[in-house]
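> Let me give you the structure first, and then I'll get to my questions.
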Amino acid sequence: MKPPNATWLVTGAAGMLGQDLLVRLRTEPDTAVVALGSTALDITDPEAVAAAVAEHQPVLVVNCAAWTGVDDAESREADAARINGDGPRYLAEACAKAGAKMIQVSTDYVFAGDAGSPYAEDAPTGPRGAYGRTKLAGERAVLDILPDDGYVVRTAWLYGAARGNFVRTMIRLEGVKDTLDVVDDQRGQPTWTADLADRLVRLGVAALAGDAPAGVYHGTSAGETTWFDFTREIFRLLGADPERVRPTTSAAFARPAPRPSYSVLGHDRWRSAGIEPIRDWQSALADAFPALVAAERG
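So for the sequence shown, the UniProt record's numbering puts the first residue at 1; every next one is plus one.
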């Protein structure tokens, strides 16, 4: 059984995922929440991290703080590494000292992105860019320091109402562009932050009850699509003509960081914790859509 009045500490609480996680945690009984955004806790400061964990004595820490600028990481890898690699290590060390468990949110970019079938949780990693390398360093730190109490949840293609993201951008552009050219050679799994937040909470509850094996889980929606087909579905939900969305290639949108052509993740590990994987991306998008439109259009 989960201990009563257990405290969860959420870092990166002001971000898109962090905000949805706080909403979900409000529905969880017997759970107190300490929410710390980047202004309240700099996870790259080991003394501040140790002090925060010692003060609040959480039973579980969920780290949503991250450097998410994929392209900027190519020229500022050391800065990204401090947040994505050192920060999780400091948190894991503090959790180890306090006897707390930890969930680290990670990314599909730890893989090479050139597979032909979904990446299993134990598939070999091989990041092709700085962002993926820094996130993999964070994963390894948590799993090495907390072999029995550390959890890594990899996700991808996140969208939500709380912050700007691909879906909100497409909603805006539909209103101002006659046509849109969108890449059709990258495959992945659009994932609603509210769905991921729910699985993070369920995993944490199962971990505290001793029902979830430590290690890696994949927190993405079921199914797969391309950015092109994803955008066509957004247009359809807006009541706009999907034919206004035209396919193009990644080469037409050259970026500093390489994009994985295949970011589809497998979800087998969830059932070892007695948790169903996240539902299909289409139904999630349909449920999320009214809030996304309201957030973008005011």
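Think of the CB as a built atom: it goes at the ideal place given N, C-alpha and C, for glycine as much as any other residue.
Which word fits residue 198, buried or exposed, when buried means at least 16 other C-beta atoms lie within 10 angstroms of its C-beta?
What you label residue 198 is simply residue 198 of the sequence shown in a count that begins at 1. Classification for residue 198: buried.
> Applying the 10 Å Cβ sphere with the 16-neighbour rule, what's the burial state of residue 138?
For this step, residue 138 is matched to residue 138 along the sequence shown. Residue 138 is buried by the Cβ-count criterion.
> For the alpha helix (DSSP H) containing residue 89, list its first residue and its last residue.
In the sequence shown, residue 89 corresponds to position 89, counting from 1. Per DSSP, residue 89 belongs to the alpha helix (DSSP H) from 87-98.
> Using 8 angstroms for Cβ pairs, my map puts residue 53 next to residue 120. What's the rounded Cβ distance?
Position 53 of the sequence shown, counted from the first residue, corresponds to residue 53. Position 120 of the sequence shown, counted from the first residue, corresponds to residue 120. With 8 angstroms as the limit, residue 53 and residue 120 do not qualify as a contact, their Cβ atoms being about 32 angstroms apart.
> Please report the straight-line C-alpha distance between residue 118 and residue 276, rounded to a whole angstrom.
As a position in the sequence shown, residue 118 is number 118, starting the count at 1. As a position in the sequence shown, residue 276 is number 276, starting the count at 1. The alpha-carbon atoms of residue 118 and residue 276 are separated by roughly 17 angstroms.
> Using only CA atoms, which one of 200, 244 and 233 lies nearest to residue 220?
In the sequence shown, the residue the question calls residue 220 occupies position 220. Selection 200, 244 and 233 evaluated against residue 220 yields 200 as nearest (Cα-Cα).
> Anyone know if the C-beta pair for residue 80 and residue 73 falls short of 7 angstroms?
In the sequence shown, residue 80 corresponds to position 80, counting from 1. In the sequence shown, residue 73 corresponds to position 73, counting from 1. Yes; because the gap between Cβ atoms is below 7 angstroms, this pair is in contact.
> Shortest alpha-carbon distance to residue 100 belongs to which of 122, 159, 111 and 208?
Here residue 100 corresponds to residue number 100 of the sequence shown, with the count starting at 1. Residue 100 has its Cα closest to that of 208, out of 122, 159, 111 and 208.
> Would the beta-carbon of residue 187 fall within 7 angstroms of that of residue 224?
In the sequence shown, the residue the question calls residue 187 occupies position 187. In the sequence shown, the residue the question calls residue 224 occupies position 224. Yes, the Cβ-Cβ distance between residue 187 and residue 224 is below 7 angstroms.
> Could you give the DSSP three-state label for residue 218: helix, strand or coil?
Within the sequence shown, the letter at position 218 stands for residue 218. It is a strand residue.
> Suppose contacts are defined by Cβ-Cβ distances below 7 angstroms. Is residue 231 in contact with residue 185 by that definition?
Here residue 231 refers to the residue found at position 231 of the sequence shown. Here residue 185 refers to the residue found at position 185 of the sequence shown. It is not a contact, given that the beta carbons lie outside the stated cut-off.
> How would you write the range of the alpha helix (DSSP H) that residue 131 sits in, first residue to last?
As a position in the sequence shown, residue 131 is number 131, starting the count at 1. From DSSP, the alpha helix (DSSP H) with residue 131 extends over 130-145.
> What residues are listed by DSSP as bridge partners for residue 260?
In the sequence shown, the residue the question calls residue 260 occupies position 260. According to DSSP, which records beta bridges pairwise, residue 260 is partnered with nothing at all.
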